[in-house]
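To convert, take the position in the sequence shown, counting from 1, and add 10; that gives my numbering. For each residue, glycine too, the CB sits at the ideal point set by N, CA and C. The model shown is predicted, which means the values in this text are computed figures rather than measured ones.
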Amino acid sequence: MFSHKYLVLCGLLFAAIAASGCSSDGTTTTDSSAEPVTNSSTPGLDTDLFVSGALASGITTEPCLLSGGTQTTCYVIEIAGVPADQEIGPFCPPTIFSDAELGGIWFDGGGDVYDLDGDFIVNLANLYGDQNWLLYDPNSGDVNITDTQVACEAAARPNVDPEYQNHCVVCSIDYYDGGVTQTLLIPTEPVALSSPDSIRNTDVGVSLNGVVLAPPAPVDAILGAYTIAAFDDCGGHVNPVEGYHYHGATGCTEIGTQVDGHAATLGYAMDGYAILGMLNEDGTEPTDLDGCRGHTDDTRGYHYHAASAGENMFIGCFNGEQGTIQ
Ligand SMILES: [Zn+2]
Ligand SMILES: [Zn+2]
């Protein structure tokens, strides 16, 4: 299990390659013709849904102990740690004159998703009502970016090195061998809890393209140090512990299309229940979600619908006993 020890992080940005399949506002442009279709009435993980290249090895099963004390069988899922179907980045805009194509997004849990363009950088002092924000060189217009491994790790610590206050924080995935492989044990059959379990500081689940779904980004600590832990347009960034990881659902990984117009599956929670996109195909959000953002239907059984990225979370709590990350 990994705590979210490092605050921030992001990745490679200077190449300024727009994440393929994701527009700058975070919506997906994935071609739906080749998407897998699931229509299982049994809640639980469909191993066929993982994208080719998402896994570092084939899925197996082994005995496991869940968070509620249940001894059962878990899938052993070794993820590659980089998105199999998406270029990562860009993250921080290079200058205050950059447009949204050259940067990713930022969200702080207040509900909004901001494009990381030059205007956003200039407006930080107003946005957060604190004149100590100055994330750029006023003479050149260049944005202060952590452009070495030493700098990114000093800025990504819970106690940010004061030298890196007023920086847009980026860590290149190249510092971490191109991705951090992790092994997740997720129950083959979810075991419902009598009362939900809260989200703590360990990962919430896994995406179908091979990346962990992280707990909420610690935005108070990030903003308190006058830093922005830039996300790319898919809601992910890089840190030294987990490599590339997602903090919000932006549509990029919703590839498990449902036959009945229900939202598509984007991944699985650590309790084995599916996490679907927030909205159904007709653009509506289910109205009967519980506090964990889950509900039950005859086609899928119990499943979650992701929150909006602006809420800085995927699900509100766990409805089932969780497996572990090794
Ligand atoms: Zn993070
Ligand atoms: Zn649903």
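- Taking all protein chains shown into account, Arg210 has fewer than 16 neighbouring C-beta atoms within 10 Å of its C-beta and is therefore exposed.
- Residue pairing from DSSP places Asn249 in a beta bridge opposite Gly253.
- At least one heavy atom of ligand 1 lies less than 7 Å from the C-beta of Asn249.
- Across the structure, Val180 and Gly189 are spaced so that their CA atoms are roughly 15 Å apart.
- Under the DSSP assignment, Glu72 falls in the beta strand (DSSP E) whose first and last residues are 70-75.
- According to the DSSP assignment, Leu195 belongs to the beta strand (DSSP E) that extends over 192-197.
- Only exposed fits Asp58, as fewer than 16 other CB atoms lie within 10 angstroms of its CB.
- When rounded, the separation of the alpha-carbon atoms in Ala66 and Leu55 is 18 Å.
- When Ala235, Thr191, Thr306 are compared, the shortest CA-CA separation from Gly220 is found for Thr191.
- Glu199 and Leu233 have their alpha carbons spaced roughly 40 Å apart.
- For the pair His255 and His247, the Cα-to-Cα distance works out to about 6 Å.
- Proximity to Thr306 across Ile285, Met323, His257 peaks at Ile285, based on C-alpha coordinates.
- Exclusion of the five residues before and after Ala90 leaves Gly63, Ala64, Leu65, Ala66, Gly189, Thr191, Gly220 as the residues of its chain whose Cβ lies within less than 7 Å of its Cβ.
- Of the residues assessed, Glu321 falls on the buried side of the cut-off, its CB having 16 or more other CB atoms within 10 angstroms.
- Within the stretch 147-215, the alpha helix (DSSP H) runs of at least 4 residues that lie entirely inside it are, in chain order, 159-166.
- Setting aside the 5 residues that flank it on each side, His177 is surrounded in the same chain by Asn154, Thr156, Ala165, Thr237, each with a C-beta closer than 6 Å to its C-beta; the list follows chain order.
- Counted as a single uninterrupted DSSP element, the stretch harbouring Gly128 is not any beta strand (DSSP E) but the alpha helix (DSSP H) occupying residues 128-132.
- In the structure shown, the three-state DSSP call for Leu55 is coil.
- Thr193 places its beta carbon less than 8 Å from that of Val86.
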